[in-house]
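Chemist:
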Amino acid sequence: MKIITIFGTRPEAIKMCPVIKELKKRPEIECRVCLTGQHKEMLQQVMDLFHIQADYNLQIMKQNQTLSMITSEILNGLDIVFEKEQPDLVLVHGDTSSSFAAALAAFYHQVPIGHVEAGLRTYNMQSPYPEEFNRQAVDLITDIYFAPTELAKKQLLNEGKNESKIFVTGNTVIDALKTTVSEEYQSDVLDWCKGSKIILLTAHRRENIGTPMEHIFEAVKRIVTNYDEVKVVYPIHKNPKVRSIANRIFEGCERIKMIEPLDVYDFHNFMDRSYLILTDSGGIQEEAPALGKPVLVMRDTTERPEGVEAGTLKLVGTDEDAIVLETEKLLSDVNAYTSMSNAMNPYGDGNASRRIVDIIQKIFKEK
Ligand code: UD1
Ligand code: UDP
């Protein structure tokens, strides 16, 4: 059977590369990898780390790309790929515009769709935007749902999806995490942080760009001003809009180090050495509970309530005072810190990719 995996952004790559590695181990499966190219450098970092070469790259990325540009260019570009490859199954991941457009293209070509990380929901179309739409839309046309948790499965069932098509597999991000974190990890940035409490910062969400992101950065600035022992490391997303806000607000802040995006080996190890994490990312909310690192989630909603329940994540929104208050609590109150830093992993045992490929093979053998 021929399976084509289609993805285009950093988080999709991190979570699909372990699946591709597993697909490539099976002699009965012909595996093709198609990149939409929604991301460029940030995606290539992941492909290099996992030593995976793409068969196709639509190379659609442009500075300040709009959602319509991404979606229409992927749809157009994929026509040729589908016509040439005639796959038996398409695998997409999560909730990006690449995932949505690739699933839609598969639907138009009448190719069955497997959705990895299916069933995450906030039920708020504006948060995260446009990801909540993307994942719900993909699940409307999905044929095999790979739900990372029981909650994700329950949400799919509540929407009337067919139970026989839903499989709880764990999240493939844990598969990736198992291969990256190392006690021996060293780096120049880590040396720069020596003796300090490290706050790891990431922020990129479309709905936060503008005033909410200004509030986030002003809060971080206040925290380093108030606490001499804190140093902030910010691997900054390539988005020029994010960079322009960060450069303006963090100018002259010596204890805030803005660096280029880290590859996932560096990033996971950096997470592991951090005191706490401030982020609006989705994937980091899944990794931090496994590492026992407190995360303040700077968003109004989360589709990862399992991490909140595990005690490692707290939803703080984007209000400047709230971010400062909650961070200061973790910096000064040992009990508050300890209660959030227990390693609890609600996202599986690191064998999600093997499970996903086993399920696919079983379904196709029974056909
Ligand atoms: C996308 C996803 C989001 C995901 C995020 C992960 C959508 C709508 N959004 O958002 O769900 O959380 O990826 O990071 O699918 N850029 C580069 N080089 C890169 C990557 C990006 O220069 O390697 C710049 C480009 O100028 C690009 C901009 O970043 O126009 C924004 O990228 P885009 O993919 O549109 O949005 P993200 O915020 O990355
Ligand atoms: N990540 C990375 N380098 C960085 C920042 C993040 O490799 O400099 C990883 C992180 O470990 C996680 C993923 O990227 O696995 C999250 O991606 P991102 O925050 O871009 O997107 P989201 O998860 O919000 O969709």
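Just add 526 to wherever you are in the sequence shown, counting from 1, and you've got my numbering.
Ideal Cβ placement from N, Cα and C applies to all residues, glycine included.
All of these numbers come straight from a predicted model, not from anything done at the bench.
1) Is the beta carbon of Glu854 within less than 7 Å of some heavy atom of the ligand UDP?
2) Considering Cα atoms alone, identify which of Thr562, Leu569 and Arg536 is closest to Met595.
3) Measure the C-alpha to C-alpha separation of Pro787 and Val756 and round it to an integer number of angstroms.
4) Using only alpha-carbon positions, find the residue among Pro815, Leu601, Leu822 and Gln591 that is nearest to Glu832.
5) Over what stretch of residues does the beta strand (DSSP E) that includes Thr531 continue unbroken?
6) Over what stretch of residues does the beta strand (DSSP E) that includes His619 continue unbroken?
7) Just to confirm, is the Cβ distance from Val913 to Ile849 under 8 Å?
8) Identify which residue in Asn752, Arg552, Gln564 and Lys551 has its Cα closest to the Cα of Ile532.
9) Is Tyr582 near Val607, with beta carbons less than 8 Å apart?
10) Should Ser623 and Leu593 be called a contact, given that it needs their Cβ atoms to be closer than 8 Å?
11) My guess is that Val746 and Ile782 are in contact by the Cβ rule of under 8 Å, so how many angstroms apart are they, rounded?
12) On a Cα-Cα basis, can you pick out the residue from Ala862, Thr648 and Cys543 that is closest to Ala702?
13) Taking the beta strand (DSSP E) that Val897 belongs to, which residues open and close that run?
14) Would a C-beta distance cut-off of 8 Å place Ile742 and Pro761 closer than the cut-off?
15) From the DSSP output, read off the bridge partner residues of Asn583.
16) Within 10 angstroms of the Cβ of Asn871, are there 16 or more other Cβ atoms? Answer buried if so, exposed if not.
17) Along the chain, where does the alpha helix (DSSP H) that runs through Thr668 open and close?
18) Taking the alpha-carbon of Met527 as reference, which of Pro638, Asn773, Glu854 and Asp792 has the nearest alpha-carbon?
19) For Phe693, which beta-bridge partners are listed by DSSP?
20) Kindly list the residues whose CB is nearer than 6 Å to the CB of Ile692, restricted to its own chain and excluding five residues on each side of it in sequence; keep chain order.
21) Could you name the residues, in chain order, whose CB is less than 5 Å away from a heavy atom belonging to the ligand UDP?
22) Where does Glu643 land, buried or exposed, given buried means 16+ other C-beta within 10 angstroms?
23) Does the distance between the C-beta of Ile596 and the nearest non-hydrogen atom of the ligand UD1 fall short of 7 Å?
24) Just tell me which of Thr535, Arg552, Arg536 and Glu538 has its CA closest to the CA of Asp884.
25) How many angstroms separate the CA atom of Lys541 from the CA atom of Glu829?
26) Can you tell me whether Thr695 is buried or exposed? The criterion is at least 16 other CB atoms within 10 Å of its CB, across all chains shown.
27) Identify which residue in His641, Arg881, Glu676 and Thr675 has its Cα closest to the Cα of Ile667.
Modeler: Taking the definition as stated:
1) no
2) Thr562
3) 21 Å
4) Pro815
5) Lys528 to Phe533
6) Leu615 to His619
7) No answer is possible for residue 913: it lies beyond the span of the chain, which begins at 527 and ends at 893.
8) Gln564
9) yes
10) yes
11) 7 Å
12) Cys543
13) Because the chain spans 527 through 893 in this model, residue 897 falls outside it and cannot be assessed.
14) no
15) Leu561
16) buried
17) Here Thr668 belongs to no alpha helix (DSSP H), and DSSP marks it neither H nor E.
18) Pro638
19) Phe672
20) Tyr671, Ala673, Lys679 and Leu682
21) Arg536, Pro537, Ile540, Pro761, Pro787, Leu788, Val790, Phe793, Ser807, Gly808 and Gly809
22) buried
23) yes
24) Arg552
25) 17 Å
26) buried
27) His641
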